[in-house]
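> Before I ask anything, here is the structure I am working with.
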Amino acid sequence: MRKLLYILQKEFTQVFRDKAMLPIIFIIPIVQLLVLSYTATFEIKQVRLVVVDHDRTPESRDLVAKFSGSSFYKITNQVVEYAAAAELLKKGKADQFIIIEPKFASHLVTDRKANVQLITDAINGSAASLMSAYATAIIGEYNREIVVAITPLAGQSLPIRVEPSYWYNPELNYITYMVPGILVLLVTIIGLFLGSMNLVKEKEIGTIEQINVTPIKKYQFIAGKLIPFWVIANIDLAIGLLLAYFVFKIPVIGSVWLLFGVASIYLVAILSIGLVISTLTNTMQQAMFISWFFLVVFILMSGLFTPIESMPHWAQIIDYANPVAYFIKINRMIMLKGSGWPDIQNEVVILAGYAALLFTFSIWRYRKTV
Amino acid sequence: METPSAFIRIENVQKHFAEVEALKNVSINISQGELFGFIGPDGAGKTALFRILTSLILPDSGSASIGPLDVVKDYKKIRKSIGYMPGRFSLYADLTVEENLQFYARIFKTSVEENYKLIKDIYGQIEPFKKRRAGDLSGGMKQKLALSCALIHNPKVLVLDEPTTGVDAVSRMEFWELLKKMQQMGITILVSTPYMDEATLCDRIALMDHGNILSVETPVNIAKSFKGNLLSVKTNQMYGLLSDLEQFPHAEQVFRFGEFIHITFQSENTPEIIENLTSYLNSKGHKEILISSVEPVIEDCFLALMDQPEKA
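For the record, the sequence lines run as chains A and B. So in the numbering used here, spot 252 of the first sequence is number 252, and the numbers just go up one at a time. Converting from the second sequence to the numbering used here requires adding 370 to each position, the first position being numbered 1.
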């Protein structure tokens, strides 16, 4: 037991002596959390809109005013021709353009029906559908007002009124949704990368040769390698939670202890994956590359950016083996919903099962190879 | 071979890595307190043998023991009773001299203070730099630190894999003086080196090549065992000299030796041979011919031994 303490002392000395390590461990996660939380959003704040108004009546100007009044839109150009608008879209200087037909106002009054054309740059499909939905909503609102203005009684006759109420994230704030996920990302990077790299480093530099002729037992050596990053990742999580509270005003609604308990189990799984990677590789470069591969797959399939429910069925099945997906789900539940043990026990049990399985496998692999 | 005083016994050890046979049926007995050298070029199998003795790898067949301890069965006890210095500097470059030494002392359940007397001569030289990181030390100082760390747990046997490779001549001599002191303290020392001149400093040496032990003898006896006489030859046309010498009727063995070529022959009449050789080389068009009779050194024995299987 004392031997393990000496090994830990040595590991921590090395970690904190490395001038490049301190920023990696403490500054990069903070920057990631602050930057990513703001940037990883699907909200589109400023759609650059080009207006082609062939009508030029108070009615058509009202419609345009609806767009310019919206915080989502910025009217960048008013042009007179379709071709000019198309050119702007092609050059990437606009995201969307709206064409108001000639005699828009008179059609509205006489035919009770008028046309506008909406053209959206759809290179980014999800952004395009969002922009299209925004525009449709604005035009819909204009529609209702026109109907009310023309036939005053119509407004009261709508049979169903929808009163939306958004729970857990009442302002539909994307940051609230992203922060718990990004916290998981940080913890994962520390656990997976630093864990596997640190072990491979001993192999690559050759220091393991000297260690192997000492009476240090393998479990002591492995524990000495993994415990520091288990601790550091938990510290990073704590820093992240403080930032979430003070910077983003996102408190942990559920139990903080439960959160750290789950994180500790999760980290065993992640560090074990790192350990397996370190047995498969001989240099830090190789370990880095394989860790990166796993990280990207885990993260992109984790539901951090895109909902798991919208993935194809086979991907959802693969996700049953993705520890990141479990922890992101649990973290969102605890932080935002205040879920307690009964709500998350299934996920935690599965995660713990994975952790136990991966840990056993990694030790077995390690014994065989090193 | 079986002697009652054998402390380290290596019996019929074989080891192969993939296609390469690193050790082919190696057997050696080494007495307690000996300073035993393994001499041979890269790839001779020295490191493989050391790694088996230090329990880092398992032999394919055969057995090895240190005292009563078998290197396979009793590997835990073996690790406590040997000090190993790998060929590559294997201490933590980012820890200081003092921290490295302390770490290795502690994991062997001892302390620097407790065994200070063992390492005083060596560690004393680098102690002024104890706050310096091991990675910033010079080559010679790194070796001294590595030796200190290998000694700190008071091992009975020291296994040193090419400790002087890449170290300057002065540090090399110092290092060997330190080894002599270790030996006087009763430690059995196994050391490998590619430098033939260091072989004479050992009590006994084993010449190794391609996984075989060519000879185990004291340095003096190895030199004595050299059969025949030796001439050292140099001319203005070194290119072609080797094949010309091989065709010289009296030549037994011909091999490069630094900037010279050494040639062995059995005749006792050296001046006559020199005369014959001079006229022979003249007839082959060589000029500035330098021929001298030399005493065989270990390298000659080694090169001659290495040459034999090919000729046979």
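Glycine is no exception: its CB is placed at the ideal position from the N, C-alpha and C atoms.
When DSSP labels each residue in this structure, what does residue 450 (chain B) get in the three-state scheme?
Start at 1 with the first residue of the second sequence, and residue 450 (chain B) comes out as number 80. If DSSP states are grouped into helix, strand and coil, residue 450 (chain B) belongs with the helices.
> With 8 Å as the threshold, decide whether the Cβ of residue 3 (chain A) is near any Cβ in chain B.
The sequence position of residue 3 (chain A) within the first sequence is 3, counting from 1. By this cut-off, residue 3 (chain A) is an interface position.
> Can you find a CB in chain C that lies within less than 8 Å of the CB of residue 200 (chain A)?
Absence of chain C from the displayed structure is noted, the protein chains being A and B.
> Among the residues of its own chain, which have a CB less than 7 Å from the CB of residue 371 (chain B), if the five just before and after it don't count?
In the second sequence, the residue the question calls residue 371 (chain B) occupies position 1. Only weak support exists for where residue 371 (chain B) lies, its pLDDT of 45 falling under 50; the coordinates are left without a value.
> Pull up the CB-CB distance for residue 214 (chain A) and residue 449 (chain B), whole angstroms please, since I reckon it's below 8 Å.
Along the first sequence, one-based indexing puts residue 214 (chain A) at 214. Along the second sequence, one-based indexing puts residue 449 (chain B) at 79. That pair is a contact at about 6 Å.
> Counting contacts by CB-CB distance shorter than 8 Å, is residue 207 (chain A) in contact with chain B?
On the first sequence, residue 207 (chain A) is found 207 positions in, with the first residue counted as 1. So yes, residue 207 (chain A) belongs to the interface.
> Quick one: list the residues of chain A neighbouring residue 465 (chain B), beta-carbon separation under 9 Å, in chain order.
Along the second sequence, read from residue 1 onward, the residue named residue 465 (chain B) stands at position 95. Ordered by position in chain A, the residues that pass the 9 Å Cβ test against residue 465 (chain B) are 10, 13, 14 and 17.
> Does residue 110 (chain A) pass the burial test, meaning 16 or more other C-beta atoms within 10 Å, or should it be called exposed?
Locating residue 110 (chain A) in the first sequence gives position 110, where the first residue counts as 1. Under this definition residue 110 (chain A) is an exposed residue.
> Report back the beta-carbon spacing between residue 56 (chain A) and residue 76 (chain A) to the nearest angstrom; my notes put them in contact at under 8 Å.
Residue mapping note: residue 56 (chain A) aligns to position 56 of the first sequence, counting from 1. Residue mapping note: residue 76 (chain A) aligns to position 76 of the first sequence, counting from 1. Not confirmed; about 19 Å, so no contact.
> Spatial neighbours of residue 7 (chain A) within its chain, please: C-beta separation below 8 Å, excluding the five flanking residues on both sides.
Start at 1 with the first residue of the first sequence, and residue 7 (chain A) comes out as number 7. The answer, listed in chain order, is 216, 220, 221, 223 and 224.
> According to the neighbour-count rule (16 or more other Cβ atoms, all chains shown, within 10 Å of its Cβ), is residue 626 (chain B) buried or exposed?
Here residue 626 (chain B) is taken as the residue at index 256 of the second sequence, counted from 1. Under this definition residue 626 (chain B) is an exposed residue.
> Determine the chain B residues that contact residue 214 (chain A) at a beta-carbon separation under 8 Å, and present them in chain order.
For the purposes of this step, residue 214 (chain A) is taken as residue 214 along the first sequence, with counting starting at 1. Under the 8 Å cutoff, chain B gives 449, 474, 477 and 478.
> What are the start and end residues of the alpha helix (DSSP H) that includes residue 645 (chain B)?
Locating residue 645 (chain B) in the second sequence gives position 275, where the first residue counts as 1. Taken as a continuous stretch (DSSP letters only), the alpha helix (DSSP H) holding residue 645 (chain B) covers 640-653.
> Where in the region 310-344 of chain A do unbroken runs of the alpha helix (DSSP H), each at least 4 residues long, occur, reported from the N-terminal end onward?
Complete alpha helix (DSSP H) runs here, min 4: 313-318 and 323-332.
> Residue 522 (chain B) and residue 482 (chain B) - do their beta-carbons sit closer together than 8 Å?
Here the question's residue 482 (chain B) lines up with position 112 in the second sequence. Here the question's residue 522 (chain B) lines up with position 152 in the second sequence. Yes. Within cutoff.
> For the candidate residues B:529, B:557, B:388 and B:489, whose alpha-carbon lies nearest to that of residue 457 (chain B)?
Position 87 of the second sequence, counted from the start, is the residue given in the question as residue 457 (chain B). It is B:529 whose Cα lies nearest to the Cα of residue 457 (chain B).
> On the DSSP letters alone, give me the boundaries of the alpha helix (DSSP H) that residue 86 (chain A) sits inside.
In the first sequence, residue 86 (chain A) corresponds to position 86, counting from 1. Looking at the DSSP string, the run of the alpha helix (DSSP H) that includes residue 86 (chain A) is 82-90.
> Closest to residue 128 (chain A) by C-alpha separation, out of A:321, A:30 and A:96, would be which residue?
Looking up residue 128 (chain A) in the first sequence gives position 128. Ranking A:321, A:30 and A:96 by Cα distance to residue 128 (chain A) puts A:96 first.
> Which of the three DSSP states, helix, strand or coil, is assigned to residue 381 (chain B)?
Reading the second sequence from its first residue, position 11 is the one you call residue 381 (chain B). Residue state, collapsed to three classes: strand.
> Do residue 674 (chain B) and the ligand MN come close, with the Cβ less than 7 Å from some heavy atom?
Absent from the structure shown: the ligand MN. Ligands present: none.
> Would residue 674 (chain B) and residue 618 (chain B) be called neighbours here (beta carbons separated by less than 8 Å)?
Taking the first residue of the second sequence as position 1, residue 674 (chain B) is located at position 304. Taking the first residue of the second sequence as position 1, residue 618 (chain B) is located at position 248. No, the pair does not count as a contact, with Cβ atoms beyond the cut-off.
> Grab me the residues of residue 637 (chain B)'s own chain with a C-beta within less than 8 Å of its C-beta, minus the 5 sequence neighbours each way, in chain order.
Here the question's residue 637 (chain B) lines up with position 267 in the second sequence. For residue 637 (chain B), where only same-chain residues beyond five positions count, the Cβ hits under 8 Å are 599, 620 and 643.
> What are the start and end residues of the beta strand (DSSP E) that includes residue 240 (chain A)?
Working through the first sequence from its first residue, we reach residue 240 (chain A) at position 240. Not the beta strand (DSSP E): residue 240 (chain A) falls in the alpha helix (DSSP H), residues 218-246.
> Residue 66 (chain A) to residue 78 (chain A), Cα distance in whole Å?
Your numbering for residue 66 (chain A) matches position 66 in the first sequence. Your numbering for residue 78 (chain A) matches position 78 in the first sequence. Spanning the two alpha carbons is a distance of roughly 15 Å.
> For residue 387 (chain B), decide whether its Cβ has a neighbour in chain A, counting only Cβ atoms nearer than 8 Å.
Residue numbering aside, residue 387 (chain B) sits at position 17 when the second sequence is read from its first letter. Residue 387 (chain B) does not count as touching chain A.
> Grab the span of the alpha helix (DSSP H) containing residue 279 (chain A) for me, first residue to last.
As a first step, residue 279 (chain A) must be located in the first sequence, where it is residue number 279. Segment 256-280, the alpha helix (DSSP H) holding residue 279 (chain A).
> Would DSSP call residue 614 (chain B) helix, strand or coil?
Taking the second sequence and counting its residues from 1, one reaches residue 614 (chain B) at position 244. Looking at residue 614 (chain B) - three-state DSSP - the assignment turns out to be helix.
> Does the separation of the CB atoms of residue 60 (chain A) and residue 104 (chain A) fall below 8 Å?
One-based indexing of the first sequence puts residue 60 (chain A) at position 60. One-based indexing of the first sequence puts residue 104 (chain A) at position 104. Cβ distance < 8 Å, so residue 60 (chain A) and residue 104 (chain A) count as in contact.
> Excluding the 5 residues preceding and the 5 following residue 383 (chain B) in the sequence, name in chain order all residues of the same chain whose CB lies nearer than 8 Å to its CB.
The residue given as residue 383 (chain B) occupies position 13 in the second sequence. The answer, listed in chain order, is 393, 395, 396, 397, 419, 422, 429, 431, 432, 433 and 434.
> So which residues on chain B does residue 6 (chain A) lean against when the C-beta distance must stay under 7 Å?
By one-based count along the first sequence, residue 6 (chain A) stands at place 6. Chain B residues near residue 6 (chain A): 473, 476 and 477.
> Between which residues of its own chain and residue 107 (chain A) is the CB-CB distance below 6 Å, once the five residues before and five after are set aside?
To locate residue 107 (chain A), count along the first sequence from 1; it is residue 107. Same-chain partners within the cutoff: 114.
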